[in-house]
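Peer 1:
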Amino acid sequence: MRLGTVIGKVTLGISDSALKGGRFLLVQPLSREQFAGAPLLPLAKGATVVVYDGVGAGEGQIVGFSEGAEAAVPFPVATPIDAYASCLIDQIHYSPP
Amino acid sequence: MQLARIDGTITSTACHPSMRKGRTVICQPLDLEGRPDGAPVLALDQLGAGLHQMVMISTDGSETRTLVGDERSPLRNYIQAIVDERGAGSWERGVNPPASVPTPTSGSKPLVPRS
Chain S
163 MRLGTVIGKV TLGISDSALK GGRFLLVQPL SREQFAGAPL LPLAKGATVV VYDGVGAGEG
223 QIVGFSEGAE AAVPFPVATP IDAYASCLID QIHYSPP
Chain Y
10 MQLARIDGTI TSTACHPSMR KGRTVICQPL DLEGRPDGAP VLALDQLGAG LHQMVMISTD
70 GSETRTLVGD ERSPLRNYIQ AIVDERGAGS WERGVNPPAS VPTPTSGSKP LVPRS
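These protein sequence lines are chains S and Y, in that order. Quick note: the first sequence uses the numbering used here, first residue 163, plus one each step. Quick note: the second sequence uses the numbering used here, first residue 10, plus one each step.
1) Determine the closest residue to glycine 218 of chain S out of S:Ile243, S:Glu232, S:Ala247, with distance taken between C-alpha atoms.
2) Check each candidate in Y:Val64, Y:Pro45, Y:Gly47 and name the one with the smallest Cα separation from aspartate 54 of chain Y.
3) Looking at the structure shown, is threonine 75 of chain Y part of a helix, part of a strand, or coil, going by DSSP?
4) Which residue's Cα is closest to the Cα of lysine 30 of chain Y: Y:Gly43, Y:Asp93, Y:His61, Y:Leu56?
5) Look up alanine 219 of chain S in the DSSP assignment and say whether it is helix, strand or coil.
6) With H, G and I counted as helix, E and B as strand and the rest as coil, what does DSSP make of phenylalanine 197 of chain S?
7) For aspartate 40 of chain Y, I'd like the list of residues in its chain whose CB is within less than 8 Å of its CB, leaving aside the five on either flank, ordered along the chain.
8) For aspartate 252 of chain S, go through chain Y and note every residue whose CB falls closer than 9 Å to its CB, in chain order.
9) I'd like to confirm the pairing. Which residues does DSSP put opposite histidine 61 of chain Y in its beta bridges?
10) In whole angstroms, give me the CA-to-CA distance for arginine 14 of chain Y and glutamate 42 of chain Y.
11) Can you look up serine 248 of chain S in the DSSP assignment and give me helix, strand or coil?
12) Does DSSP put leucine 39 of chain Y in a helix, in a strand, or in coil?
13) Measure the Cβ-Cβ separation of leucine 188 of chain S and glycine 170 of chain S and say whether it is below 8 Å.
14) Determine the chain Y residues that contact alanine 233 of chain S at a beta-carbon separation under 8 Å, and present them in chain order.
15) Since valine 211 of chain S contacts alanine 245 of chain S with CB under 8 Å, what's their CB separation in whole angstroms?
16) Helix or strand or just coil, what does DSSP make of glycine 103 of chain Y?
17) Just to confirm, is the Cβ distance from methionine 10 of chain Y to glutamine 89 of chain Y under 8 Å?
18) According to DSSP, is proline 242 of chain S helix, strand or coil?
19) My output table needs one value for proline 26 of chain Y: the three-state DSSP class, helix, strand or coil.
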């Protein structure tokens with residue numbers, strides 16, 4: 163599971179029926195400096211991920227999202243999703259040695 | 010399974026129910042010499058590993074789902090073991106390897122001399 167900042171939303175036009183009613187977030191993964199408390203803007207480099215919103219996150223909040231096969235597991239029916247926001251972060255305590 | 014070092018924790022009230030079964034810690038995967046390798050990941054900790062301790066995390070979701078006991082859990086990283094000593098050389102818990110870390114080819118001299 164990785165951490166990322168919610169920077170936007172994605173609304174789907176024509177999509178797979180399993181994705182109906184889903185809420186999709188644009189998430190930019192955090193860099194290690196941002197883990198340690200650096201400001202979230204400018205955004206870290208790296209690919210922006212479209213994440214299925216499982217926790218109701220708003221813009222500017224930090225979410226933990228899991229990727230790959232584990233992202234499709236929470237759904238009762240087979241769903242073509244490979245990034246799932248599973249937690250909304252309140253505090254990050256990060257102190258590497 | 011992967012060696013990692015605990016670098017911190019996160020708190021989260023709105024999260025998947027399977028994450029309430031343990032503490033969510035920030036793990037920094039390590040390479041052979043014990044240097045950070047890649048971005049930090051979040052893992053579920055039920056063993057109570059301390060800060061800067063070296064742990065072994067699972068990187069497979071199906072294993073984590075059985076350990077957590079929730080077939081709908083999106084978790085992948087789970088702390089399976091707290092490492093006391095690594096085979097390649099002895100590394101004291103919480104002590105950084107010296108700057109000149111020997112490359113594996115230079116014999117298995119202990120990274121940190123045992124006191």
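From the three backbone atoms N, C-alpha and C, an ideal C-beta is built for every residue, glycine too. Being a predicted model, the structure only gives us computed values, none of them experimental.
Peer 2: Looking at the coordinates:
1) S:Ala247
2) Y:Val64
3) helix
4) Y:Leu56
5) coil
6) Note: phenylalanine 197 of chain S maps to helix in three-state DSSP.
7) Asp46
8) Ile19, Thr20, Ser21, Thr22, Ala23
9) According to DSSP, which records beta bridges pairwise, histidine 61 of chain Y is partnered with nothing at all.
10) 12 Å
11) strand
12) strand
13) Yes, these two residues count as a Cβ contact at 8 Å.
14) Under the 8 Å cutoff, chain Y gives Pro83.
15) 5 Å
16) With a pLDDT of 48 at glycine 103 of chain Y, under the threshold of 50, the predicted position of this residue should be treated as unreliable, though the coordinate-derived value follows. Glycine 103 of chain Y falls in the coil class under three-state DSSP.
17) With respect to glutamine 89 of chain Y, methionine 10 of chain Y sits close: the two C-beta atoms are nearer than 8 Å.
18) coil
19) Helix.
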